[in-house]
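Have a look at the structure below, then the notes.
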Amino acid sequence: MDKVKEIVSEINKGNPKPIYFLMGEEPYYIDRISQYIAENVLTEDEKGFNQMVLYGKDTTVDDIVANAKRFPMMAQYQVVIVKEAQHLSRTIENLVPYAENPQPTTILVLCYKYKKLDKRKKLYKAVNKSGELFESKKLYDNQVADWIRRTLASKKYKISPKSCIMLVEYLGTDLSKISNELDKLTLIVSPTTEITPELIEEHIGISKDFNNFELKKAIGERDVKKASRIIDYFAQNPKDNPFVVTVTLLNTFFTQLLQYHGLKDHSPGNVAKVLGVNPYFVNEYVVAAKNYPMKRVSGIISSLRNLDLKGKGVGASNMGQADLLKELLSEII
Numbered sequence: 001m002d003k004v005k006e007i008v009s010e011i012n013k014g015n016p017k018p019i020y021f022l023m024g025e026e027p028y029y030i031d032r033i034s035q036y037i038a039e040n041v042l043t044e045d046e047k048g049f050n051q052m053v054l055y056g057k058d059t060t061v062d063d064i065v066a067n068a069k070r071f072p073m074m075a076q077y078q079v080v081i082v083k084e085a086q087h088l089s090r091t092i093e094n095l096v097p098y099a100e101n102p103q104p105t106t107i108l109v110l111c112y113k114y115k116k117l118d119k120r121k122k123l124y125k126a127v128n129k130s131g132e133l134f135e136s137k138k139l140y141d142n143q144v145a146d147w148i149r150r151t152l153a154s155k156k157y158k159i160s161p162k163s164c165i166m167l168v169e170y171l172g173t174d175l176s177k178i179s180n181e182l183d184k185l186t187l188i189v190s191p192t193t194e195i196t197p198e199l200i201e202e203h204i205g206i207s208k209d210f211n212n213f214e215l216k217k218a219i220g221e222r223d224v225k226k227a228s229r230i231i232d233y234f235a236q237n238p239k240d241n242p243f244v245v246t247v248t249l250l251n252t253f254f255t256q257l258l259q260y261h262g263l264k265d266h267s268p269g270n271v272a273k274v275l276g277v278n279p280y281f282v283n284e285y286v287v288a289a290k291n292y293p294m295k296r297v298s299g300i301i302s303s304l305r306n307l308d309l310k311g312k313g314v315g316a317s318n319m320g321q322a323d324l325l326k327e328l329l330s331e332i333i
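Using UniProt numbering, you'd call the opening residue of the sequence shown number 1 and step up by one each time.
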């Protein structure tokens with residue numbers, strides 16, 4: 001994110017803010033910024049007396065202010081990091097007097113995860129004036145693959161579109177979890193080698209042939225044999241391939257296919273933009289649209305919603321994953 005780079009750049013120039021209020025639904029950037037400050041503002045010798053970590057569960061706003069008002073010892077700054085600060089949400093407004101007149105030799109970092117300040121309140125306005133307010137927003141599902149690509153590109157690595165989708169489907173949208181797996185890959189793979197499905201299968205353990213991405217493609221092509229093989233594999237490995245993930249992904253696919261049918265402009269660029277998919281995958285919708293007319297797609301979406309309820313035990317308490325998957329394939333193809 002550009003804002004993260006801007007914050008890091010100002011710190012590197014020797015212009016840190018007295019308060020960093022890091023908030024929002026995505027913890028990844030909150031952790032990265034607070035970690036960067038913890039590792040780079042003070043030298044190792046200075047950290048012993050001038051760096052402190054507090055936890056929202058175990059402290060109060062008064063304690064935070066008392067520590068923030070201390071002067072550094074034999075250093076230009078002291079750093080006070082408050083992790084899990086969201087636990088102080090009921091009393092966080094008590095920080096207003098300090099935020100209006102912060103200690104210039106203190107760098108106070110508040111990690112306020114999964115919540116955000118009310119813009120109408122005094123604390124938001126005070127921190128916005130004297131410090132740095134950073135909101136870490138959760139990425140939409142269709143943005144994560146591009147985030148993977150850009151993250152690897154910043155490290156001079158390339159990754160194929162299919163590989164990105166495999167990682168998203170297997171790891172979800174947890175950026176911290178994805179980042180850990182990318183770190184493993186970059187330790188093994190050289191920058192001159194593109195990260196492919198084969199490398200992901202070998203080093204992360206995601207099957208390149210038996211996954212939701214391949215199932216979606218097989219169903220779109222009405223390739224019954226291939227779809228059946230994948231369904232059988234899922235039935236034998238239910239923990240690695242939960243039904244709820246499969247039915248959700250297919251529901252998204254057919255909802256997008258319904259959108260595709262309604263488009264007047266079927267040019268690849270417009271389809272990619274409207275559906276929110278990588279242009280690499282547009283042809284899958286072109287093929288699927290030929291195999292599934294609009295009326296049929298509407299019926300499939302309805303069936304998938306019913307199957308989703310059955311998968312959650314509504315009206316089908318005795319159905320196992322194998323039975324649900326067979327019914328799913330039968331309803332669609």
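Using N, Cα and C, we set each Cβ at its ideal position, and we do this for glycine too.
C-alpha distance - residue i paired with residue j, whole-angstrom precision
i, j, result
"Y36", "V8", "8 Å"
"V297", "L117", "42 Å"
"L187", "T252", "34 Å"
"G214", "L263", "Going by the sequence as given, residue 214 is Glu instead of Gly. For E214 and L263, the distance between alpha carbons rounds to 25 Å."
"T193", "Y140", "28 Å"
"P279", "C164", "13 Å"
"K83", "I159", "34 Å"
"P197", "L325", "24 Å"
"Q256", "R305", "15 Å"
"Y77", "T105", "5 Å"
"D58", "K5", "31 Å"
"E26", "S136", "5 Å"
"K17", "L309", "50 Å"
"K184", "L110", "29 Å"
"K156", "P191", "6 Å"
"L54", "N180", "25 Å"
"F134", "K3", "8 Å"
"P246", "A66", "In the sequence on display, residue 246 carries Thr and not Pro. T246 and A66: Cα-Cα distance of roughly 52 Å."
"Y98", "R32", "25 Å"
"D209", "H266", "29 Å"
"S302", "I107", "54 Å"
"K295", "G220", "15 Å"
Which listed residue (the options) has its alpha carbon closest to that of residue i
i, options, result
"K239", "I206, A85, Q259", "I206"
"K113", "N128, P102, K138", "K138"
"A218", "P197, Y77, L329", "L329"
"K312", "N291, L257, T248, F254", "T248"
"S34", "L167, E132, P242, R150", "E132"
"F237", "K295, Q321, V286, S228", "The question names Phe, but residue 237 is Asn in the sequence shown. Nearest of K295, Q321, V286, S228 to N237, Cα basis: Q321."
"V127", "T151, E46, R150, E93", "E93"
"N211", "K162, P293, L22", "K162"
"I300", "G269, F254, Y285", "F254"
"N142", "E327, V274, Y292, V286", "V274"
"I204", "P191, K225, K177", "K177"
"M319", "F281, Y233, P293, F243", "F243"
"K216", "Y124, E169, Q103", "E169"
"D174", "W147, A153, I195", "W147"
"Q51", "A68, D63, D62", "A68"
Assigned exposure category for residue i - 16 Cβ within 10 Å defines buried
i, result
"I200", "buried"
"L95", "buried"
"T60", "exposed"
"K73", "According to the sequence provided, residue 73 is Met. The question's Lys does not apply to it. Label assigned to M73: exposed."
"G48", "exposed"
"R90", "exposed"
"A227", "buried"
"R149", "buried"
"F71", "exposed"
"P102", "buried"
"residue 336", "As shown, the chain starts at 1 and ends at 333. That puts residue 336 outside it, with no answer to give."
"N241", "buried"
"V80", "buried"
Alpha helix (DSSP H) segment containing residue i, residue limits
i, result
"G269", "268 to 275"
"K216", "212 to 220"
"K5", "2 to 12"
"I230", "224 to 236"
"K156", "Careful: K156 lies outside any alpha helix (DSSP H) and carries neither H nor E."
"F254", "243 to 262"
"E181", "175 to 188"
"N278", "Neither: N278 is in no alpha helix (DSSP H) and is coded neither H nor E."
"E327", "321 to 332"
"P197", "197 to 203"
"V297", "294 to 311"
Cβ of residue i within 7 Å of any chain D Cβ
i, result
"Y124", "No chain D appears in this structure, which consists of one protein chain only."
- Query: Where are the alpha helix (DSSP H) runs, 4 residues long or more, that stay fully inside the UniProt domain "DNA polymerase III delta N-terminal" (20 to 135), in chain order?
  - Reply: Qualifying alpha helix (DSSP H) stretches, in chain order: 27 to 40, 44 to 50, 61 to 68, 96 to 100, 122 to 130.
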